Each structure stands twice: as structure tokens, then as C-alpha cells.
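The sequence shown begins at 9 in our numbering and counts up one residue at a time. Glycine included, each C-beta is placed from N, C-alpha and C at the ideal position. Keep in mind that this is a model prediction, so the values were computed, not measured. To start, the structure itself, in C-alpha cells.
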Amino acid sequence: MSQPQRTKTGAPRQTARSGCPLAGPAMFVGLMLVLCTMPGCEKIPTFGELIGQDQAEESVEGLQTKHEPGPSVPLTTREEPASTGPDPAITSFRGTAPNMRTDSQLVALGSLDSGLERMEDIDLSSSTVTAVGLAELKKFPAVRKLTLSMMMQMTPEMIEEIGEIKTLEVLELTGSPLSGISLEPLSSLPALVEINLSNTGITDEVLEHFKPIETLEVLRLDGNPINGAGFRYFERRGFPNRIRVVDVSNTSFSQQGFPFLRGWRTLEEFHAGQSGVFDLCLASLGTCKELKVLTLGYNPQITDEGVKRLASLRKLERLDLHNCSSVSDQGMYFIRNNKGLQAVDAEGTSVSRNGALGLKKFAPEARIAFRGGVVQ
Numbered sequence: 009m010s011q012p013q014r015t016k017t018g019a020p021r022q023t024a025r026s027g028c029p030l031a032g033p034a035m036f037v038g039l040m041l042v043l044c045t046m047p048g049c050e051k052i053p054t055f056g057e058l059i060g061q062d063q064a065e066e067s068v069e070g071l072q073t074k075h076e077p078g079p080s081v082p083l084t085t086r087e088e089p090a091s092t093g094p095d096p097a098i099t100s101f102r103g104t105a106p107n108m109r110t111d112s113q114l115v116a117l118g119s120l121d122s123g124l125e126r127m128e129d130i131d132l133s134s135s136t137v138t139a140v141g142l143a144e145l146k147k148f149p150a151v152r153k154l155t156l157s158m159m160m161q162m163t164p165e166m167i168e169e170i171g172e173i174k175t176l177e178v179l180e181l182t183g184s185p186l187s188g189i190s191l192e193p194l195s196s197l198p199a200l201v202e203i204n205l206s207n208t209g210i211t212d213e214v215l216e217h218f219k220p221i222e223t224l225e226v227l228r229l230d231g232n233p234i235n236g237a238g239f240r241y242f243e244r245r246g247f248p249n250r251i252r253v254v255d256v257s258n259t260s261f262s263q264q265g266f267p268f269l270r271g272w273r274t275l276e277e278f279h280a281g282q283s284g285v286f287d288l289c290l291a292s293l294g295t296c297k298e299l300k301v302l303t304l305g306y307n308p309q310i311t312d313e314g315v316k317r318l319a320s321l322r323k324l325e326r327l328d329l330h331n332c333s334s335v336s337d338q339g340m341y342f343i344r345n346n347k348g349l350q351a352v353d354a355e356g357t358s359v360s361r362n363g364a365l366g367l368k369k370f371a372p373e374a375r376i377a378f379r380g381g382v383v384q
């Protein structure tokens, strides 16, 4: 085995392979000197730059800065606008029974700037409201229906205020005493479609005031002392062509009214129960080709010959002959061609089961009530 070379003193000689600790720094210094002598080298890089230590420190510093919490910002919540319900005046009115509503409530409503557009149906039945309260209703922009039934203290001033509600389409005055009170102010209601004057004590002359109302379609006059003469006002100007429903039950309409019905082209419902109707009256009704509902109950003067006059009403759907005691099976035979019939009330007549079954063959959809039974 070869021995390491020794100096004259006997110590081993150091070589490059001996791993001298000064070799690394010396080489680094030499490298720096070489770089300094190279053209274009104006700055001696630091040791940290050469090994990328500075870049790493910057990256760490930047990372730390990025995650440093910023200044605290107070949390804020958006306040939702408070929902606004109906005005207390509206709530109070709606929560009050019709017969307990007052002038003061209507005055309070009339002073509102908004919310009245939803007040379309006003019911003041049996209340003590006067013209003072009704005067406020013309401020309501969308009143369509006004019910003043059983208003026992009705006055001309109240009728005048009603005439100012130009949006009104349906007016209910049932049971309110109107005898001796002019209804002329109602003629200025341009949108009126239906008026109910049942049991109000009006006479035929009142009907003259409805001539200018070209929109009128439903006219209810039952229970009044009329004889039908007032319908002449409609007949003269072709007015009937707009009326669809007429109710003259419990009146004396048959005395003079039926001739004025001849040729009413749009009449769809006619109610004349207990009105003294007899066979000849029905000849005029036979010309109302659009008639669908006909009520003739409690008119014992009607016989089979009168029913025969209804055979031309091919659109008839409901026929009420209740307690028309003189009508028999022959009458059912006369209307066999009214195939669209859906209901026939022949209770209290002389119609038998055989008569009802005979009609049923021709009008299969009809429910036929007769004395003692029903065929359906």
C-alpha cells in the first residue's frame, strides 16, 4: 500500500483532493474576479443574488403581505323598505258590516290620496248613510257596483249623488222606498249595465229615465206596481236590442207590456212569474228568438195553446211552468222540437210521467219535473 507523501517536517502533504475548507471561498472569489473583467459587467452580483436567496425572500415577503389582514370594515346590512298595507280608513271600512257603515267612514275614505282604486264594490245595505257619504263616492276612481238595498231613508239628494258616480256598472236598490222620488239623475250614468229596482214602489213612468242609458242590459223590476206600459219608452227608440234580462215577476206586466217585447233580438232571460200572463201574451215572446230562460210559474191562465206559441224558441234551455195548472201532456208535445232544453219545471201542472217521458225522447238533456216525480 502506498504511503502519503510527507514534507520535510514529516507532516502529510495537502492536495486538492484533501477537501480543504478554503477551496470553496477561494473559488468563489476567483469567479467574481473573472466576471468583473468581462465586458458589459457593471455590477458584481451578490452571493444571495447568485443563489436566488433574495428572490426567495421577496416571494416569501410578498406572500406574507398578501395574507396580512387589512383594516377592519364594519359590516352593513341593507334595510328592506317596510311593506305598507291598506290605509287604516280602508281597513276600518272593510271590517264594518254593511248596515253599520257611516258617512264619517266614507268621508275619511274620500280624503285619501291613494288606495281607492281597489274599492270597486261598495255595499251600504240597510245602513244610515246619507247624501253626505254618497257624495264621497264620486272621488273613488273605480267603483263598479253599489248596493243600497233596504235603505229606508232614501232621499232625492241621495239619488242625485248616485248619478255622479260615472264608473258605476251595477246598481242595487232592492227594497229601498223610491215612490215619489225622481230617478232622472240616474240617466247620466254612462256605464250602467244592470239596475235592480225590485220592490221599490216605482211605477211605469220611471222607465222613461232609462232611455238615454245605451249600455243597460239587465232590468229587474219585480214586485212593483207596474203594468208594462213603461216599456213603450224602450220600444220607440229600438232600445230593447241591448237588453238581455228582464224580470217583471209579481207585477201586472201582462196588462200592457207584452206587445212591446215583440222582436227583441237580444232578450235572453225573461221572468214573469205570477204576473197574470195568459196565452195571447206568449205570442209576443215567440218572436224573441234568442230567449234561453223563461219563467212563467204561477200563471194558471196559461194553457197548452199558450205553450204551443213557445215552439219557435229553438234556443230555449230552461222553462218554468210551475203551478200553471192548465198545462198538460199536450203542452209537452208542442215543445218537442225545442231540443236544447235542459230543465223544465212542470210541477203543479197536469203533466204526467208519460208526458214527461215523451218530451225526454226529443230533449234528451232535459231534467223534467212533473207532479209526483222527475225524469232526468
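Considering only residues of the same chain and omitting the five flanking positions on each side of residue i, which have a CB-CB separation below 6 Å?
i      : result
Val253 : Val226 and Glu277
Cys289 : Ser262 and Phe266
Cys296 : Trp272 and Leu275
Pro193 : Ile167, Glu168 and Gly171
Lys147 : Gly118
Asp129 : Lys153
Leu302 : Phe278 and Leu327
Pro220 : Ser195
Met127 : Phe148
Gln384 : Arg375
Glu202 : Val178 and Val226
Beta-carbon separation of residue i and residue j under 9 Å?
i      : j      : result
Phe378 : Ala364 : yes
Asp255 : Arg273 : no
Ile181 : Asn204 : The sequence shown places Leu at residue 181, not Ile. Yes. Within cutoff.
Ala354 : Glu325 : no
Thr110 : Ser135 : yes
Leu145 : Leu179 : no
Ser334 : Asp312 : yes
Ser257 : Asn235 : no
Leu156 : Lys174 : no
Ser320 : Gly356 : no
Leu114 : Val140 : yes
Leu318 : Arg344 : no
Gly381 : Arg361 : yes
Gly314 : Asp337 : no
Val137 : Met160 : no
Using the DSSP secondary-structure output, state which residues sit across from residue i in a beta bridge.
i      : result
Arg375 : Ala351
Glu180 : Thr155 and Asn204
Arg228 : Asn204 and Asp255
Ile98  : Paired residue(s): none; Ile98 is not in a bridge.
Val382 : Ala377
Ile130 : Leu154
Arg326 : Val301 and Ala351
His279 : Asp255 and Thr303
Starting from the C-beta of residue i, find all residues in its chain whose C-beta is less than 7 Å away, skip the five residues before and the five after it, and write them out in chain order.
i      : result
Leu142 : Met166, Glu169 and Ile170
Leu304 : Ala280, Gly281, Val285, Ile310, Asp328, Leu329 and Cys332
Ala371 : Asn346, Lys347 and Leu349
Asn107 : Ser133, Ser134 and Ser135
Thr163 : Ala139
Asp131 : Pro106 and Thr155
Glu125 : Pro149 and Ala150
Gln264 : Asn235, Gly236 and Ala237
Lys217 : Before going on, a small fix: residue 217 reads as His here, not Lys. Result list for His217: Leu191, Glu192, Leu194 and Ser195, in chain order.
Phe101 : Arg109, Gln113 and Leu117
Taking residue i and residue j to be in contact with their CB atoms under 8 Å, please state how far apart those CB atoms are, rounded to whole angstroms.
i      : j      : result
Leu191 : Glu177 : Actually they do not touch by this definition, with Cβ atoms about 17 Å apart.
Leu215 : Phe239 : 7 Å
Gly123 : Pro149 : Wrong, their Cβ atoms sit about 10 Å apart, outside the cutoff.
Leu299 : Lys316 : Actually they are not in contact, since the Cβ atoms of Leu299 and Lys316 sit about 16 Å apart, beyond 8 Å.
What does a CB cutoff of less than 8 Å around residue i pick up in its chain, not counting 5 residues either side in sequence?
i      : result
Asn207 : Thr182, Gly183, Asp230, Gly231 and Asn232
Tyr306 : Gly281, Gln282, His330, Asn331 and Cys332
Leu251 : The question names Leu, but residue 251 is Ile in the sequence shown. Excluding residues within five positions, the ones whose Cβ falls inside 8 Å are Leu224, Glu225, Val226, Leu227, Phe242, Trp272, Thr274 and Leu275.
Thr99  : Gly93
Pro308 : Asn331, Cys332, Ser333 and Ser334
Ser358 : Ser333, Ser334, Val335, Ser336, Asp337 and Arg379
Under a CB-based cut-off of 9 Å, is residue i close to chain C?
i      : result
Ser257 : Although the question refers to chain C, the structure presented lacks it and comprises just one protein chain.
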